[in-house]
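K.L.:
This structure is in structure tokens; I'll ask about it shortly.
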Amino acid sequence: MQPGLSSTGELFDSLKVYLNNKKRLQPIIGLGSIIECVKVGEHCREASYLCEVCVCRLSKADMRNHISGSLHRYNYIKAWHPHLVCEWKENSDLSRLAWPLMEIARKIEAKEGSGDVQLIEVGDVLYQKMATLSENDAVTLIAAVKTVRDWQGGPECLSQATSGQLEPHSGHSQRTVLLGSHQLPKERELPRC
Ligand SMILES: [Zn+2]
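Mapping the sequence shown onto the working numbering, position 117 (from 1) lands on 1023, and the numbers just tick up by one.
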């Protein structure tokens, strides 16, 4: 980790005030599915943003809009709480489902919170490769990089990562910093279909 570099990432930092605003109307869920991919060793910080559940690559500004959109809510709920949308048709018109999606998202956020954006640092070569790949391939590649780094971190690191307890390791610039990523949600009390 470079001196002065945020341990939680720019996207998460930029959202903190918004997330903590008690008058916020929009529920925010699935931040744990967002990956902030940072190029290391640059004076001018460069980052791209991937959403694992939507399989998309966006700028920071677009990702800020993305997380409160119906598509992201639907994909996250479908991935992690499928019983809540199991009666919906596969190709439903999400614009007509914006309200029910918002209500489901509100309940999920109340139970599990918004999640934490994953921060991963990559070298120049890998960063450039990510930029040239399709969104689908880029998400697949970064998932593979995370898996490899988890194993390289050893069993202790892996168990910490899976339990979401991993602290940012300063001085290990090549190590993935997983912040509460992909914790399996606990059993919900929300109505089942
Ligand atoms: Zn998304």
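Idealized CB from N, CA, C, for every residue including glycine.
Report yes if the CB atom of residue 1050 is closer than 8 Å to the CB atom of residue 956, and no otherwise.
P.N.:
Going by beta carbons, residue 1050 and residue 956 fall outside the 8 Å limit.
K.L.:
Tell whether a beta-carbon distance below 8 Å holds between residue 974 and residue 1024.
P.N.:
no
K.L.:
By the three-class DSSP mapping on this structure, what secondary structure does residue 910 have?
P.N.:
Only weak support is given to the placement of residue 910: the predicted model assigns it a pLDDT of 48, under 50, and the value that follows is read from those uncertain coordinates. Of the three classes helix, strand and coil, the one that applies to residue 910 here is coil, per DSSP.
K.L.:
Below 7 Å, is the gap between the Cβ of residue 978 and the nearest heavy atom of ligand 1?
P.N.:
yes
K.L.:
Pick helix, strand or coil for residue 952, following the three-state DSSP scheme.
P.N.:
strand
K.L.:
Indicate, with yes or no, if ligand 1 has a heavy atom lying under 7 Å from the CB of residue 926.
P.N.:
no
K.L.:
In the DSSP assignment, find the beta strand (DSSP E) that holds residue 964 and state where it starts and stops.
P.N.:
962-964
K.L.:
In angstroms with no decimal places, state the Cα-to-Cα distance between residue 991 and residue 949.
P.N.:
For residue 991 and residue 949, the distance between alpha carbons rounds to 45 Å.
K.L.:
Between which two residues does the beta strand (DSSP E) containing residue 1027 stretch?
P.N.:
1024-1028
K.L.:
Look at the alpha carbon of residue 918 and the alpha carbon of residue 1022, and state the distance between them as a whole number of angstroms.
P.N.:
7 Å
K.L.:
Check each candidate in 942, 988 and 980 and name the one with the smallest Cα separation from residue 969.
P.N.:
942
K.L.:
Out of 953, 977 and 952, state which residue places its alpha-carbon closest to the alpha-carbon of residue 960.
P.N.:
977
K.L.:
For a quick check, are the C-beta atoms of residue 1028 and residue 923 less than 8 Å apart?
P.N.:
no
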